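Protein chains in written order, with the numbering used here: chain X, 8 to 161; chain C, 2 to 281; chain L, 598 to 1089.
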């Protein structure tokens, strides 16, 4: 990833991550807007809020330099890894949306792990690792939902 | 009585038109809808796109091509006979809107389901150009009806026995060369739709294809009809039958249509044998 | 009358008292639980004959005597349709089998079906006094239910439950599966003019297209449906409400309320690469071809493909039905591929046992991740990821987790995907005002009433894939809800 190589400062990295979270929020907001089912609209709007929460946290870190680190192991069911990627569309089913979301969260996880690797100091490494864990948790939530409903009999 | 055949016209050796009593479907069907038909107790459930209806008389029109045992039995029915089961209308109706100039391409018996679509687009105020394509003159069907609802009609035959010689793709190229087409719809054998779609794609003409895949229930239950559209699996019966022709994986569809070829050949031979022994 | 008072009144009848006094409770509990006679597994896996052949009269009498006719019959709490279980069992014990059948039909319109396919082990039998207190095998309530229902079917003296005086109020039931049939039964008993609209050409829903002959013969279902016809329920096949005619059309025809029981007909696929190759089927397609369309019979036009190496993906009852069908259709290897361990399979224990006896292979803790095909796009092999169970999560369930690098490829020429079903979208799509969940199930209140006041719903279209008996329980609840709604409407 070339962008990563262009970072000149910690702020650059944080700005990049903040932008990334905003894009994630936009993504879920779009899914919410496109859906004609009320319940789906609400669910996606919630996801968008969570991503905005991440963004707010990053902004706070950038402004104050403070953060909390929690070490956690998050289960990776890898359900999304094997699935054929869906495309966004207005007629999208919740199953398709979940596949998309699992893949997106996995990509975000990988991105933060990568950022954590290249981060110039331990503080920043930990911040990104933490964010990676957050994304992994998101993904697990989607995976469990997928596991319970789509793989009802499997 | 419901499901009774009130009129039969033999279009060619293997293609017949049936007018059938079916008052509910006659009222509720729209362009693009199909029905599932089971000819008798032993019959297979087969999907047939509705070629038209007469709500006041309570009749629908189906055009059937002899391909398997069940469709052969349907073709052999006569006026006064009753089809055991007809259910519908199924699928999503064609999205009819005013866009300007519509190019409708029908191949073989695909012209039958194309008829109500042509009619509806014309009624919505579009200029409609229709291409009717077939292998040879005898297989051109519903020409008069299509003409009635089109501004221009081009006939294409593979052997040049009627109209212009050449495939549907040539017909498309000729028309595109002389005027702007806003939207196209293609209906016919999968292979014809594949190449027609490639041609319209070359000219950036948004195109719908109406797919006729293997189905069992026709209501979303079995998934036999699944196709890949833009890399995503769709059910023709509930998501279709019309899809963006430029996104449909026609190669996969063609192979899937042949899924029961071996069994069909055996069954057909057996059926022929049974018919012969009946007549002896 | 309150239900508990009714149960007490019935229990205090002289014949029940007499029966209780004839054998000491202690002696009743000494009797061993009956064993269901079964067809020989090596023969039955080559034909379609029903596996469980049913209790003999002697077996039924003895088993019925095990029931101690509790003062507080907890078994009933485990029954979604609230059968008066002690009453029907005591009828069997007294030798009045027809009375036992009539008791079943007080609350259950499909006793011969439920006696076969209900998971009694997690319902009535789990709540049986033997299970909860004595820690002994429960009274075989399911076997006895089947016995009484079959006895009646074979007796030629099938009773038609009483119906109230006709009120000429038309109600439409949409879907002729278990939920729809249960509602129709109760509504007709209340006096309504009930029409069941069915999309397929046969009534019965999953009982006809899904569950195979070897577990539930179609003739058994037909007898029960016939009984409903005699009660006055009208059936219209090949009619899709929302398509053939709209709800408004039917309102104009005088229908005052609707019960939507259109089921969870839409099969889920896994969305893994190669899943659209030829000879990869949904379990719905595979079973429908054989069960509803008679594809295995040469005289019928519908074909079915079933090869030598057949893999069924999933661990539920549908997966068991499919894999046992594959064996019967001639598979050399008929395999279950399931992501979790055998203990966690959602299928009934009895089905798993039968499958093992019939030579079914179990690839547990395996999950397909990709299919491969020959030059004609026919599936020829599948890549399996081996799994292990992770730590229990918040819900207490241990999720299967892939073991890094543990991947194998096996030859298959037929794959049946039985991973679950989604609600049928036809009705929700035809009604824009209808509130549905993100999964497409219809949202209902406690009366099974949807967001549109004259439309009620139940069964899998509300639950998204459950059992026959839960669907029937919904149906009964909805009948009460509809009755309440109509009464209020009339008052206004």
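Ideal placement from N, C-alpha and C gives every residue a C-beta, glycine not left out. Note that the structure is a prediction, hence the values are computed from the model and not measured.
Counted within 10 angstroms of its Cβ, other Cβ atoms place residue 901 (chain L) as buried (16 or more) or exposed:
buried
Output yes or no for whether 8 Å exceeds the beta carbon distance between residue 799 (chain L) and residue 889 (chain L).
yes
Looking only at C-alpha atoms, which of X:154, X:54, X:87 and X:112 sits nearest to residue 139 (chain X)?
X:112
The segment 785-801 of chain L in contact with the segment 828-839 of chain L per 3-pair CB rule at 8 Å
Judged by Cβ distances under 8 Å, the segment 785-801 of chain L makes contact with the segment 828-839 of chain L, as three or more pairs qualify.
Name the two residues that bound the continuous beta strand (DSSP E) containing residue 979 (chain L).
Segment 976-989, the beta strand (DSSP E) holding residue 979 (chain L).
Counting only Cβ-Cβ distances shorter than 7 Å, please list the residues of the segment 28-57 of chain X near chain L, keeping chain order.
44, 45, 46, 47 and 50
Terminal residues of the continuous alpha helix (DSSP H) containing residue 628 (chain L)?
No alpha helix (DSSP H) contains residue 628 (chain L), which DSSP labels as neither H nor E.
Can you grab the Cα-Cα spacing for the pair residue 228 (chain C) / residue 91 (chain X), in whole Å?
14 Å
Members of the segment 792-807 of chain L that neighbour chain C once the beta carbon cut-off is set at 7 Å:
796, 797 and 798
Of the residues C:36, C:127 and C:43, the one placed nearest residue 103 (chain C), counting alpha carbons only
C:127
Buried or exposed for residue 946 (chain L), please, with buried defined as at least 16 other CB atoms from any protein chain shown within 10 angstroms of its CB.
exposed
Going by the beta-carbon positions, is the gap between residue 30 (chain C) and residue 90 (chain C) smaller than 8 Å?
With respect to the 8 Å criterion, residue 30 (chain C) and residue 90 (chain C) are classified as neighbours on the basis of their beta carbons.
Along chain L, in chain order, which residues have C-beta atoms closer than 7 Å to that of residue 85 (chain X)?
999
Under 7 Å from the C-beta of residue 561 (chain L): neighbouring residues of chain X
No answer is possible for residue 561 (chain L): it lies beyond the span of chain L, which begins at 598 and ends at 1089.
Starting from residue 1160 (chain L), trace the beta strand (DSSP E) in both directions and tell me its first and last residue.
Residue 1160 (chain L) lies beyond the range of chain L shown here (598 to 1089); nothing can be said about it.
Using a 10 Å radius around the Cβ and a threshold of 16 neighbouring Cβ atoms, would you call residue 858 (chain L) buried or exposed?
Residue burial is scored here from C-beta neighbours: residue 858 (chain L) has at least 16 other C-beta atoms within 10 angstroms and is therefore classed as buried.
So with CB distances below 7 Å, who are the chain L contacts of residue 91 (chain X)?
868, 869 and 870
Name the residues in the segment 95-117 of chain X whose C-beta lies less than 9 Å from a C-beta of chain L; which are they?
For the segment 95-117 of chain X, residues whose beta-carbon sits nearer than 9 Å to a beta-carbon of chain L comprise 100, 101, 102, 103, 104 and 106.
Find the nearest neighbour of residue 778 (chain L) within the set L:822, L:1002, L:868 and L:677, judged by alpha-carbon distance.
Taking only the C-alpha atoms, the option nearest residue 778 (chain L) is L:822.
Measuring straight from C-alpha to C-alpha, what distance separates residue 619 (chain L) and residue 1020 (chain L)?
51 Å
Apart from the five residues just before and just after residue 143 (chain X), which ones in its own chain have a Cβ nearer than 8 Å to its Cβ?
81, 83, 112 and 116
Within 8 Å (strictly less), CB to CB, does residue 158 (chain X) reach chain L?
yes
With a 10 Å radius around its C-beta and 16 neighbouring C-beta atoms as the bar for buried, classify residue 1074 (chain L) as buried or exposed.
buried
My output table needs one value for residue 13 (chain C): the three-state DSSP class, helix, strand or coil.
Reduced to three states, the DSSP call for residue 13 (chain C) is strand.
At the 8 Å Cβ level, is residue 764 (chain L) part of the contact set with chain C, yes or no?
Residue 764 (chain L) does not count as touching chain C.
Decide yes or no for the touch test of the segment 41-49 of chain C against the segment 214-230 of chain C: beta carbon pairs closer than 8 Å, at least 3 of them.
yes
Going straight from the alpha carbon of residue 261 (chain C) to that of residue 672 (chain L), what length do you get?
49 Å
Applying the 10 Å Cβ sphere with the 16-neighbour rule, what's the burial state of residue 95 (chain C)?
With 16 or more Cβ atoms within 10 Å of its Cβ, residue 95 (chain C) is classed as buried.
Between the Cα of residue 22 (chain C) and the Cα atoms of C:74, C:42, C:51 and C:105, which residue gives the shortest distance?
C:51
So that I know if they touch, is there some Cβ in chain L lying closer than 8 Å to that of residue 154 (chain X)?
yes
Kindly identify the DSSP beta-bridge partner or partners of residue 935 (chain L).
As DSSP reads the structure, residue 935 (chain L) sits in a beta bridge with L:961.
Interface residues of chain X around residue 990 (chain L) at Cβ under 9 Å?
82, 147 and 151
Suppose the cutoff is 6 Å on Cβ atoms and the five residues either side in sequence are ignored; what does the same chain contact list for residue 226 (chain C) look like?
Excluding positions up to five away in sequence, the list reads 214, 216, 236, 237 and 238.
Expected contact under 8 Å - CB spacing of residue 28 (chain X) and residue 53 (chain X) to nearest Å:
Separation of the CB atoms of residue 28 (chain X) and residue 53 (chain X) is rounded to 15 Å, and the pair is thereby denied contact status at 8 Å.
May I have a chain-ordered list of the beta strand (DSSP E) segments no shorter than 3 residues that lie completely inside the segment 39-88 of chain C?
46-55 and 60-66
For residue 956 (chain L) versus residue 935 (chain L), is the C-beta distance shorter than 8 Å?
No, these two residues do not count as a Cβ contact at 8 Å.
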